[in-house]
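Heads up, the thing below is written out as structure tokens.
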Amino acid sequence: MRTTYTLDKLVAIYIEDIVRLHGILVSIVSDRDPRFTSRFWNSFHQAMGTKVKVSTAYHPQTDGQIERTIQTLEDILRACILDFK
């Protein structure tokens, strides 16, 4: 079952579970997905001191690595959300 979370809840989960466990990220590579290139997330990462790097369009090697990383992050967030409930 897919659940939609508010932005506030996603930020809380990100800070409490990702940052708490792994520290503030130095950089993130994005595949230009709108979920990761919004003004909010760009401002958020700027405030955290994280550099957001975007891959070139249609670059299969980078896209594959990023897709796998995104899948891993989604799995981690799902697990955190289950623990959060």
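Start counting the sequence shown at 1; every next residue gets the next number (the UniProt record's numbering). Ideal Cβ placement from N, Cα and C applies to all residues, glycine included. Remember, predicted model here, so these are calculated numbers, not experimental data.
Is residue i helix, strand or coil when you go by DSSP?
{"i": "S30", "result": "strand"}
Would you tell me roughly how many angstroms separate the C-alpha atoms of residue i and residue j, rounded to the nearest one?
{"i": "A12", "j": "T6", "result": "10 Å"}
{"i": "F36", "j": "I70", "result": "10 Å"}
{"i": "K9", "j": "T56", "result": "31 Å"}
{"i": "T72", "j": "I66", "result": "10 Å"}
{"i": "L21", "j": "G64", "result": "25 Å"}
{"i": "Q46", "j": "I15", "result": "14 Å"}
{"i": "D17", "j": "P34", "result": "23 Å"}
{"i": "V19", "j": "D75", "result": "16 Å"}
{"i": "R4", "j": "G23", "result": "At residue 4 the sequence reads Thr, which differs from the Arg that was named. So the two alpha carbons sit approximately 26 Å from each other."}
Would you say residue i and residue j are within 7 Å of each other, going by their C-beta atoms?
{"i": "S30", "j": "K51", "result": "no"}
Taking C-alpha atoms, which residue in the options lies nearest to residue i?
{"i": "M48", "options": "L10, L25, I70 and R20", "result": "L25"}
{"i": "V54", "options": "R32, R68 and F44", "result": "R32"}
So, do the stretch 64-83 and the stretch 40-47 have three or more beta carbon pairs nearer to each other than 8 Å?
no
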